[in-house]
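Each remark here refers to the structure printed beneath this line.
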Amino acid sequence: MSAPTATMPAAPTAGDGTLGVVPGTFQQAMILSRYQLRDYLRSRRFVLMMSIVAVVGGLLTGLIAYFRPAGVIGSATDMYGTLWGTSASGLILFAGIIFGGDAIAGEFQNKTGYFLMGLPIRRATVYAGKYTAAVAAAVVSTAVYLAIIVGNAVYYLGPGAFSDGSALLESFGLAVLYLLALVGFVFLFSSLFKTSLYAVLVVAVLFLFGFSIIQDLVVGLIHIEPWFLLSYVANTSNSVINYPFVGVPAHVSHSPLLGTTYAPGYAEAIEIMVGYLFATALGGLALFEREEFS
Amino acid sequence: MAPSIEARQLTKRFGSFVALDHLDLAVEGAVCVGFLGPNGAGKTTTLKMFTDLIFPTEGEAFINGISVQRDRKRALASCGDLIETPEIYPSLSPNEALEMSGALRGMRPEEIRDRTRVVLDEVKMTEWADKKVGKFSKGMKQRINIAASLLSDPDVVILDEPSTGLDPRGMAEVRDIIRGLKKERRLIFMSSHILSEVVDVCDRVALLNHGKLLFSDTLANVALRFDGGVRSVEAEFARPVDDPVVSGQIASLPGVSGWSRVDASRITLSLKADGDSRAELLERLAALKLGLVSFRESRSALEEVYLREISTGEGG
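Here is the structure:
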């Protein structure tokens with residue numbers, strides 16, 4: 001027997017109507033990202049991230065002040081290459097995981113999604129707004145770290161600190177591009193799991209161990225360039241300062257001792273990172289669109 | 295246009311479990327509908343499909359004639375909702391959370407300010423307006439959620455057990471709020487399993503069990519539905535009443551079809567009666583001079599119908 005159909009008769013209404021005209025998708029994404037960023041900037045995770053930046057930056061500043069290593073403070077290139085180039089990708093990885101890991105999973109786990117998704121807003125808009133906020137929070141912490149390094153350079157080198165500023169800017173640009181791709185990757189896993197911890201763990205393990213093992217295997221056993229790994233191109237923000245000769249067309253070197261090593265050219269790195277950004281954004285969004293608050 | 299909600303063949307399956315089975319329900323106009331059913335009946339599942347939190351296996355849900363599944367943004371624009379107990383970003387204050395909600399709904403800043411003041415006052419949270427939500431109790435959060443659902447002055451309000459987590463005073467205040475909403479001529483669709491709450495604030499009820507709609511009617515018609523059945527009243531006496539007295543004097547009174555004992559001085563009388571004969575029975579009981587101190591319906595008509603329909607559905 002089918003369920004009864006119930007129709008309740010109309011009653012008169014005299015309401016003055018709902019307030020507001022729902023804004024467009026882009027505007028909603030910006031509104032959401034503004035409040036989400038505010039939440040991030042007041043959160044413990046931001047305090048944690050800034051503490052790490054402060055400790056690492058403080059240690060570097062202290063060590064340089066104490067030892068004054070000529071190899072570091074000799075030129076702007078040395079300084080940026082040593083202090084920024086070698087650490088930027090690690091810092092970005094940490095920031096991306098901290099701000100992106102629970103961005104989507106947390107909506108389910110913490111039930112904040114029930115507040116947000118009851119509003120007249122598309123899931124894609126929520127995804128875009130949260131993504132923008134996570135990237136912005138990570139950029140803020142990365143920029144603070146960069147400011148500490150530039151501050152050191154100005155202190156030791158004076159105006160000479162800006163003699164190789166273009167390489168630093170390029171490096172920062174590549175670092176931000178890596179961050180965009182990384183946060184996209186983190187969001188994909190955050191959409192896959194309804195538990196934040198799983199998303200954070202999977203991404204951390206993949207980037208800290210998994211990808212480097214795969215890279216070693218691919219290079220050592222199959223002898224091909226591991227162009228498909230995001231972690232492979234992450235180091236471009238370092239090489240643009242420290243190894244400016246790396247790039248198109250030759251990015252393969254052979255050594256009897258070390259074997260074949262690969263380094264991505266800049267154009268290739270940008271393509272790979274943009275590719276990751278779009279692929280993971282589409283994949284993550286597709287998952288989020290299908291995920292139920294059940 | 296009168297506010298409306300409609301479920302057309304709305305069905306939800308989780309694997310082989312049918313949570314909601316081809317629900318057809320249409321409500322139109324300024325009315326408060328209580329959506330009733332035991333735990334697991336499919337109430338929250340239905341409301342979640344009305345707010346696009348979960349997706350139907352079959353069928354569609356409409357708000358003001360717009361399909362939630364096809365155009366959630368337009369459908370939810372005129373709807374305020376509260377499903378389960380949502381969490382708000384913990385570092386935001388109620389003012390900020392409502393500001394975000396209003397901005398996403400496209401309200402102007404001055405509208406947001408004015409309405410925030412009104413709705414926070416309505417839920418008695420004005421003094422907490424600038425404190426961080428993360429430090430609030432569940433009940434306080436629920437008040438903010440209710441405020442958020444009313445912020446844009448929506449003409450359709452969907453509430454899932456709105457008094458959940460509230461203390462008795464909070465529950466009474468929520469009822470007052472809902473009564474106030476009714477005066478503003480909105481369509482309110484609320485699930486609850488607190489029957490007294492539904493009787494108190496709703497005009498109509500829809501009863502769901504095992505994912506199927508058992509009936510949907512006005513409260514007045516529910517009482518009529520019940521008329522052919524057995525109603526029970528509880529009588530309390532100042533002193534213990536012996537069984538022979540109950541069977542000999544009370545059970546033989548006109549309209550009484552049976553009795554059971556609650557304790558030494560309280561009995562439940564089953565009767566086939568309408569309001570007039572209950573008055574008559576009260577007079578006759580008092581005339582027995584057994585020290586009658588209280589005489590009241592042991593269950594409301596809604597409760598009786600609810601239990602009967604649910605037990606019929608269970609095969610009982």
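Chains as they are written, first to last, in this note's numbering: chain A, 1 to 294; chain B, 295 to 610.
Ideal Cβ positions, reconstructed from N, Cα and C, are used throughout, including at glycine.
Note that the structure is predicted; figures quoted are calculated from it, not measured.
- Beta-carbon to beta-carbon, Cys496 (chain B) and Val321 (chain B) are separated by about 11 Å, too far to satisfy the 8 Å threshold.
- For Leu508 (chain B), the enclosing beta strand (DSSP E) covers residues 506-512.
- Secondary structure note for Asp318 (chain B): its beta strand (DSSP E) is the uninterrupted segment 311-322.
- Restricting attention to B:Ser546, B:Pro403, B:Val527, B:Ser387, the CA atom closest to the CA of Glu597 (chain B) is found in B:Val527.
- Asn110, Lys111, Thr112, Tyr114, Phe115, Met117, Gly118, Leu119, Pro120, Ile121, Arg122: these are the residues of the stretch 102-131 of chain A whose beta carbon lies less than 7 Å from some beta carbon of chain B, given in chain order.
- When Cβ pairs closer than 8 Å are counted between the two stretches, the stretch 457-468 of chain B is seen to touch the stretch 422-433 of chain B, the count reaching three or more.
- By the C-beta criterion, the stretch 174-186 of chain A is judged to be in contact with the stretch 263-280 of chain A, since at least 3 inter-stretch pairs fall below 8 Å.
- By the rule that beta-carbons nearer than 8 Å mark a contact, Glu381 (chain B) touches chain A.
- With contacts defined by Cβ atoms closer than 8 Å, Leu287 (chain A) and Leu192 (chain A) form a contacting pair.
- Per DSSP, reduced to three states, the secondary structure at Gln363 (chain B) is coil, with no helix or strand assignment.
- Residue pairing for Ala529 (chain B): DSSP places it in a beta bridge opposite B:Ile561, B:Phe589.
- Between Asp449 (chain B) and chain A, the shortest Cβ-Cβ separation is below 8 Å.
- Of all alpha-carbon atoms in B:Ile348, B:Arg364, B:Asp318, B:Gly323, the one lying nearest the alpha-carbon of Arg480 (chain B) is that of B:Gly323.
- Taken atom to atom, the span from the alpha-carbon of Glu405 (chain B) to that of Ser446 (chain B) is near 9 Å.
- Counting along the chain, Phe187 (chain A) sits inside the alpha helix (DSSP H) bounded by residues 165-192.
- At a cut-off of 8 Å, the C-beta of Lys425 (chain B) has no neighbouring C-beta in chain A.
- Under the three-state reduction of DSSP, Asp415 (chain B) is assigned to helix.
- At least 8 Å separates the beta-carbon of Ala371 (chain B) from that of Gln363 (chain B).
- The residues Thr25, Gln28, Ala29, Leu32, in chain order, have a CB closer than 8 Å to that of Thr125 (chain A) in the same chain once the five nearest residues on each side in sequence are set aside.
- Inclusion of Met343 (chain B) and Lys367 (chain B) in the CB contact set at 8 Å is not warranted, their separation being larger than that value.
- Interface annotation for the stretch 382-399 of chain B against chain A: Ile382, Tyr383, Pro384, Ser385, Leu386, Glu390, Ala391, Glu393, Met394, Ser395, Gly396, Ala397, Leu398, Arg399, criterion Cβ-Cβ distance under 9 Å.
- Counting along the chain, no alpha helix (DSSP H) covers Asn503 (chain B); the unbroken beta strand (DSSP E) around it starts and ends at 498-503.
- At the C-beta level, Phe329 (chain B) and Phe483 (chain B) come within 8 Å of one another.
- Where Lys342 (chain B) is concerned, the enclosing alpha helix (DSSP H) starts and stops at 337-344.
- The beta carbon of Ser551 (chain B) does not come within 8 Å of any beta carbon belonging to chain A, so the residue lies off that interface.
- With contacts defined as CB atoms closer than 8 Å, Asp78 (chain A) and Gly85 (chain A) fail to qualify as a contacting pair.
- Under the 8 Å Cβ criterion, the stretch 436-446 of chain B counts as touching the stretch 376-384 of chain B, having at least three qualifying pairs.
- Across the structure, Glu478 (chain B) and Val205 (chain A) are spaced so that their CA atoms are roughly 56 Å apart.
- Under a 10 Å Cβ-count criterion, Tyr40 (chain A) is classified as buried, with 16 or more other Cβ atoms of the shown protein chains found around its own Cβ.
- For Trp84 (chain A), DSSP assigns no beta-bridge partner whatsoever.
- Taking CB atoms only, Phe187 (chain A) has no neighbour in chain B less than 8 Å away.
- According to the DSSP secondary-structure assignment, Asp454 (chain B) is paired through a beta bridge with B:Ser485.
- Across the set B:Asp408, B:Gly359, B:Gly428, the C-alpha of B:Gly359 shows the shortest separation from the C-alpha of Met295 (chain B).
- By the criterion of a C-beta distance shorter than 6 Å, Glu289 (chain A) is surrounded in its chain by Arg123, once the five residues flanking it on both sides are discounted.
- Interface with chain A (8 Å Cβ-Cβ cutoff): Glu405 (chain B) is included.
- Per DSSP, the unbroken beta strand (DSSP E) holding Leu376 (chain B) starts and ends at 373-376.
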